[in-house]
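Data first, discussion second: the structure below is written as structure tokens.
In the working numbering, the protein residues as written are 1 to 168.
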């Protein structure tokens, strides 16, 4: 069983600027540098002409998890998330995302579409599935993980907007 998630981010900046940021190595390196004290590391960063494949790992403290989840943690707990973005054609770019944990059988994956909105700003639509392979509590945890992913995506939107404002 899995849980469907959806998220839409409406930017007040052009889609081209959002895409340029998401495919900029400097953007990702700065994010990693700012979060290094939180156990965030860069696992992979491959940038091409208007494309990127990036993976970030973050060590998590099992004690900070809800007790319903922490009792199922086996070994070290880390979250590895990745994003891939294809080229922007002037109207649209497509991407994919994944998130997996070590220490718990949790996986999220889905697609992202960046388009030009009616007001000229960017619209990013994200849809995916969260799967937690733990009997009895998997469905409950899927909802919690889905909420966390939506929260992360909201923070990502803020990071993109800050980058564009500082680097325009």
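All residues carry an ideal CB built from backbone N, CA and C; glycine is no exception.
Small disclaimer: the values here were computed from a predicted structure and weren't measured.
> Does DSSP put residue 13 in a helix, in a strand, or in coil?
Replying inline: coil
> The beta strand (DSSP E) spanning residue 107 covers which residue range?
Replying inline: 106-116
>> Let's see if you can read the secondary structure: which residues bound the alpha helix (DSSP H) around residue 84?
In response: Note, residue 84: premise wrong, no alpha helix (DSSP H); beta strand (DSSP E) at 78-85.
>> So, for residue 38: in the same chain, excluding its five sequence neighbours on each side, which residues have a beta-carbon less than 7 Å away from its beta-carbon?
In response: 58
> Would a C-beta distance cut-off of 9 Å place residue 164 and residue 13 closer than the cut-off?
Replying inline: yes
>> For chain D, check one thing: does any of its Cβ atoms lie closer than 9 Å to the Cβ of residue 113?
In response: Although the question refers to chain D, the structure presented lacks it and comprises just one protein chain.
> When you compare each of 100, 17 and 4 to residue 55 by their alpha carbons, which one comes out closest?
Replying inline: 100
>> Along the chain, where does the alpha helix (DSSP H) containing residue 36 start, and where does it finish?
In response: Unbroken run through residue 36: none, as it is neither H nor E.
>> For residue 124 and residue 42, I'd like the C-alpha separation in whole angstroms.
In response: 24 Å
>> Just to confirm before moving on: does the CB-CB distance between residue 15 and residue 88 stay below 9 Å?
In response: yes
>> Among the candidates 47, 74, 5 and 29, whose CA atom is the shortest distance from the CA of residue 103?
In response: 74
> beta strand (DSSP E) containing residue 120: first to last residue?
Replying inline: Looking at the DSSP string, residue 120 is not in any beta strand (DSSP E), and its letter there is neither H nor E.
> Which residue's Cα is closest to the Cα of residue 109: 121, 28, 78 and 149?
Replying inline: 149
> Excluding the five sequence neighbours on either side, which residues of its own chain have a C-beta within less than 7 Å of the C-beta of residue 45, listed in chain order?
Replying inline: 25, 28 and 54
> Under a Cβ-count criterion, where at least 16 other Cβ atoms within 10 Å of its own Cβ denotes burial, should residue 23 be classed as buried or exposed?
Replying inline: buried
> Quick one: what's residue 45 bridged to in DSSP?
Replying inline: 54
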